[in-house]
Amino acid sequence: EATEALSAAGTQGQARGLLVAAPALLKISQISISDITAALAADVTTGDHRARGVEIASAESVELEQGSLHDIGVYTDALLQDTGVGLLVSGPVSDPVGVQSTILSQIHGEGIRVDDEGSAVGLSYSLTWSVWAGLDPGLTLGDGVLLEMDPQFVDPETGDLHLASESPAIDAGAPSGAFE
């Protein structure tokens, strides 16, 4: 399990908060990844220019729960581009990736993207807000998904991603018990 706050900035058009590249069973719990940005010169037009909150390059099984992926994107000459990805599955994962009780907010691109055709992702009891390019069309939506609802963070500008008392995410997570 990983319990930690991450922040990163890239200078070559790529930035990652967390990279998973190991053939293992991995449970990521209570992780907050925010302000992942990649700076890119305006005249660069080739290559893979994405900011990624979490990238899964290979694994046997991955569960992400009770997390927050916030403010992820790529800038060219101070203009925000739509090439951020909250969760990217770029390589093979044996079992479907499970995302539960997680908030994806202000993702300047896709909230969840699956590049590997043999891999799958399921989202349940989670909230999305201000995800510019939506979610991968192959994503399996389970119970309790709140689409495009402001999570009402206390002060996201200063990195305080605690939920305010009026947040629709309070008590909206998965019921106690097994991961779905």
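The opening residue of the sequence shown carries number 1070 in our numbering; numbering runs sequentially from there.
Even glycine gets a Cβ: it sits at the ideal position worked out from N, Cα and C.
* Are the region 1180 to 1190 and the region 1211 to 1230 touching, with three or more C-beta to C-beta distances below 8 Å? -> no
* **E1124 beta carbon less than 8 Å from that of L1094** => no
* Give the DSSP bridge partners of G1153, in chain order. => According to DSSP, G1153 bridges with A1120 and G1178.
* To do: Under 8 Å Cβ to Cβ from W1198, same chain only, skipping five residues before and after it: list those, please.
  => I1172, L1173, S1174, Q1175, E1217, M1218, D1219 and P1220
* Is it the case that the CB of D1205 approaches a heavy atom of the ligand NAP more closely than 7 Å? -> Among the ligands in the structure shown, none appear at all, so the ligand NAP cannot be discussed.
* **Cα-Cα separation, S1163 to L1196** => Separation of S1163 and L1196 (C-alpha to C-alpha, rounded to the nearest whole angstrom) is 25 Å.
* **Burial state of S1101 (16 or more Cβ within 10 Å)** => buried
* Simplified DSSP state of E1134, which is helix, strand or coil -> strand
* To do: Below 6 Å CB to CB, which residues in the same chain sit around D1240 once its five sequence neighbours on both sides are set aside?
  => none
* How would you label H1139, buried or exposed, when you count the other beta carbons within 10 angstroms and need 16 or more for buried? -> buried
* Proximal residues to P1165 (C-beta, below 6 Å), its chain only, five neighbours per side dropped -> A1189 and G1191
* Asked: Under 8 Å between C-beta atoms, does V1183 make it to chain C?
  -> Included in the structure is just one protein chain, with no chain C present.
* Starting from the C-beta of E1134, find all residues in its chain whose C-beta is less than 6 Å away, skip the five residues before and the five after it, and write them out in chain order. => S1098, Q1169 and S1170
* If we ignore side chains and look at the alpha-carbon of each, how far apart do G1178 and D1224 end up? -> 22 Å
* Which same chain residues, not among the five before or five after Q1154, have their C-beta less than 6 Å away from its C-beta? -> The sequence shown places Val at residue 1154, rather than the Gln named in the question. Excluding residues within five positions, the ones whose Cβ falls inside 6 Å are R1119, R1121, G1178, E1179 and R1182.
* Can you tell me whether DSSP reads T1106 as helix, strand or coil? -> strand
* Where does D1240 fall in DSSP's three states? -> coil
* **Euclidean distance between Cα positions of S1236 and S1137** => 14 Å
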